[in-house]
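> To start, I am sharing the structure in question, which I have written as structure tokens.
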Amino acid sequence: MGTAKDSEQTRARIIEAAGRLFAERGFKGVTVRMIAKEAETHLSALNYHFQSKQILFHEVLMHAAAHASISAEEKRLLKTLKPREALFVMVKEVLEEGRREGAGDWRNALLARESHFGGEAYREVIEHYYRPDMVFATELVAAAAGSTPDSRHVQFAVLTMVSLLETFGLHGHMAEEIVPGFFDDLGRNDQLSRHIVAVTLAAANPELGGV
């Protein structure tokens with residue numbers, strides 16, 4: 001008889017296997033038999049843990065979103081820092097994690113894929129993960145820029161920051177191919193992170209950036 005630990009390991013293995021397949025083929029292009037084979041388990045295990053492919057897909061998508069979001073503990077720690085310092089730490093960590101994993105990581109690939117198709121599950125990702133992260137980042141940028149969260153300049157700045165983090169984090173390899181040696185300079189001493197913070201704050205407060 002398997003132990004509780006064995007059961008949890010099987011569940012995690014199913015999520016990983018399903019995630020890779022869903023990211024590559026989409027929901028309709030994957031069968032439960034394919035997932036069972038990829039996870040090296042039996043259909044009975046999938047039924048025991050998830051009951052249906054739809055439930056499994058939902059769990060996989062939520063797992064990917066949680067992985068890509070700022071955790072409650074991270075938010076708590078960032079709030080103990082001064083706003084600009086907290087913004088720098090957040091940008092640096094997100095940038096480093098993005099470059100470490102890349103767009104090819106199945107979690108990032110699945111979220112990118114689903115963002116194009118939307119659907120009820122993806123709207124749940126937005127409500128439970130993306131929107132709270134946006135609120136947190138907006139409050140942080142507003143405080144660092146001496147502005148307010150309801151400012152359109154601040155909201156524009158946060159959306160711009162997200163785009164920069166995706167460009168130089170998840171898709172950093174493309175930047176390096178397009179501009180060879182790009183990271184040799186801006187990659188030193190956290191210069192890229194500091195530059196992104198400076199650009200973000202300039203966009204958030206027109207008086208700082210002369211906009």
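Numbering-wise (UniProt numbering), the sequence shown opens with residue 1 and increments by one. Just so it is clear, CB atoms sit at the ideal spot from N, CA and C, and this is done for glycine as well.
Given a threshold of 16 other Cβ atoms within 10 Å of its Cβ, counted over all protein chains shown, does S7 qualify as buried or as exposed?
By 1-based counting over the sequence shown, the position of residue 7 is 7. S7 should be labelled exposed.
> Using only the alpha-carbon positions, how far apart do E38 and R131 sit?
In the sequence shown, counting from the first residue as 1, residue 38 sits at position 38. In the sequence shown, counting from the first residue as 1, residue 131 sits at position 131. Approximately 33 Å, taken between the alpha carbons.
> What's the C-alpha gap between A198 and F183?
Counting from 1 along the sequence shown, the entry for residue 198 is found at position 198. Counting from 1 along the sequence shown, the entry for residue 183 is found at position 183. About 17 Å.
> What would DSSP say about S44, mapped onto helix, strand or coil?
Within the sequence shown, residue 44 is the residue found at index 44, counting from 1. DSSP places S44 in helix when its eight states are reduced to three.
> I'd like the list of long-range same chain contacts for L164, defined as Cβ closer than 6 Å, with 5 residues on each side in sequence excluded.
What you label residue 164 is simply residue 164 of the sequence shown in a count that begins at 1. Cβ within range, chain order: I196.
> Ordered along the chain, which non-local residues of its own chain (more than five positions away) have a Cβ less than 7 Å from that of G26?
In the sequence shown, the residue the question calls residue 26 occupies position 26. Here the set comprises R113.
> What are the start and end residues of the alpha helix (DSSP H) that includes G119?
Along the sequence shown, one-based indexing puts residue 119 at 119. Counted as a single uninterrupted DSSP element, the stretch harbouring G119 is not any alpha helix (DSSP H), since DSSP gives it neither H nor E.
> Whose C-beta lies closer than 8 Å to the C-beta of V211 among residues of the same chain, with five residues either side of it excluded?
Residue numbering aside, residue 211 sits at position 211 when the sequence shown is read from its first letter. With a pLDDT of only 42 at V211, under 50, the local geometry of the prediction cannot be trusted, and the value read off the model is given with reservation. By the criterion of a C-beta distance shorter than 8 Å, V211 is surrounded in its chain by H153, A202 and A203, once the five residues flanking it on both sides are discounted.
> Could you check the C-alpha separation between V158 and T41 for me, to the nearest Å?
Mapped onto the sequence shown, residue 158 falls at position 158. Mapped onto the sequence shown, residue 41 falls at position 41. Cα-Cα distance, rounded: 43 Å.
> Counting C-beta neighbours from all protein chains within 10 Å, is the total for V60 16 or more, i.e. buried, or is it exposed?
As a first step, residue 60 must be located in the sequence shown, where it is residue number 60. The residue in question, V60, is buried, as its Cβ has 16 or more Cβ neighbours within 10 Å.
> Rounded to whole angstroms, what is the Cα-Cα separation between G146 and N205?
Translated into positions along the sequence shown, residue 146 becomes position 146. Translated into positions along the sequence shown, residue 205 becomes position 205. Roughly 8 Å separates the two Cα atoms.
> Terminal residues of the continuous alpha helix (DSSP H) containing I35?
One-based indexing of the sequence shown puts residue 35 at position 35. Start and end: V32 to A39.
> Who are the near neighbours of F57 in its chain, counting only those whose CB is closer than 8 Å to its CB and skipping five residues on each side?
Residue 57 sits at position 57 when you count from the first residue of the sequence shown. Same-chain partners within the cutoff: A18, F22, F27 and A121.
> Could you give the DSSP three-state label for G169: helix, strand or coil?
Within the sequence shown, the letter at position 169 stands for residue 169. Three-state result, G169: helix.
> Classify T200: buried if its beta carbon has 16 or more other beta carbons within 10 angstroms, exposed otherwise.
Locating residue 200 in the sequence shown gives position 200, where the first residue counts as 1. Classification of T200: buried, given that the 10 Å Cβ count is 16 or more.
> Apart from the five residues just before and just after W106, which ones in its own chain have a Cβ nearer than 7 Å to its Cβ?
Your numbering for residue 106 matches position 106 in the sequence shown. The answer, listed in chain order, is G19, R20 and A23.
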